[in-house]
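Only one structure is covered here, and it is reproduced in the block below.
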Amino acid sequence: MTPPSASPPEQPSGIPERAVVLLVVGLVLLYALWTLRTPSPSSGVPDAVATAATGALSPERIPLVTGDEPIADIFTKAGCVVCHSIPGIPGANGQVGPPLLLGTTGQQRLQDPEYRGQAKTVHEYVVESVVEPRRFIVQGYPAETMPTWYGSKLSALALERIAAYLERQTEVR
1 MTPPSASPPE
11 QPSGIPERAV
21 VLLVVGLVLL
31 YALWTLRTPS
41 PSSGVPDAVA
51 TAATGALSPE
61 RIPLVTGDEP
71 IADIFTKAGC
81 VVCHSIPGIP
91 GANGQVGPPL
101 LLGTTGQQRL
111 QDPEYRGQAK
121 TVHEYVVESV
131 VEPRRFIVQG
141 YPAETMPTWY
151 GSKLSALALE
161 RIAAYLERQT
171 EVR
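Residues in the sequence shown are numbered from 1 upward in steps of one, following UniProt numbering.
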């Protein structure tokens, strides 16, 4: 019988185990940082606010709004409260889009030299702004934030009720 060897078993040549572990951990961290990066809006709206607000709104997450709902439910179901402050609507404290005080600001927007829409009244402007939000971007707010698919998620009655409500709003209550 041969005496047991006192020397430790030989390590295979190559990269030490510790280096492999560090490499894997580094790759995982790099991947995590890459997936967490967010696009930067072109306005002064903080990245986290714009990303959080618009990330919550997608066509799949917004139910069809019929217009038979109470007015507060129409705004809430449609997701308007995420980005806009709307007088009289609970939880409508959004700051990504402009406050919806169209009783005060509607005529100003229609007369703005930058306005390129077809609306002649504040009521028509509200409907146009929901269905074709790129027609006029209120100065100081992000250009690509308002979803363009609301025409397929809001019934004609819902749009009518939204416009009728907003054209009367003049101050935050």
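Quick reminder that beta carbons are idealized off the backbone N, C-alpha and C, glycines included. All of these numbers come straight from a predicted model, not from anything done at the bench.
For the pair arginine 109 and glutamate 124, the Cα-to-Cα distance works out to about 12 angstroms. Judged by DSSP secondary structure, aspartate 73 falls within the alpha helix (DSSP H) whose first and last residues are 71-78. A buried status is given to valine 82, since no fewer than 16 other beta-carbon atoms sit within 10 Å of its beta-carbon. Judged by their CB atoms, glycine 106 and phenylalanine 136 are not nearer to each other than the 8 angstroms cut-off. Bounds of the alpha helix (DSSP H) holding arginine 109 are 102-111. Burial check for threonine 76: the Cβ neighbour count within 10 Å reaches 16 or more, so the residue is buried. Looking at the backbone, the Cα of methionine 146 and that of glutamate 17 are separated by about 51 angstroms. Take the alpha-carbon of tyrosine 141 and the one of asparagine 93: they are about 15 angstroms apart. In this chain, the alpha helix (DSSP H) harbouring leucine 166 covers 156-166. Cα atoms of valine 122 and valine 24: separation of roughly 59 angstroms, rounded to the nearest angstrom. In the DSSP assignment, serine 85 forms a beta bridge with Asn93.
The three-state reading of DSSP puts valine 138 in coil, since its state is none of H, G, I, E or B. Taking 8 angstroms as the cut-off, the Cβ atoms of glycine 67 and glutamate 167 do not count as close.
If you compare the alpha carbons of Pro98, Pro99 and Gln139 with that of proline 113, the shortest gap goes to Gln139.
With respect to the 8 angstroms criterion, alanine 158 and isoleucine 89 are not classified as neighbours on the basis of their beta carbons. Note on geometry: alpha-carbon atoms of glycine 91 and glycine 97 lie some 15 angstroms from one another. Taking 8 angstroms as the cut-off, the beta carbon of leucine 154 is found closer than this to the beta carbon of valine 130.
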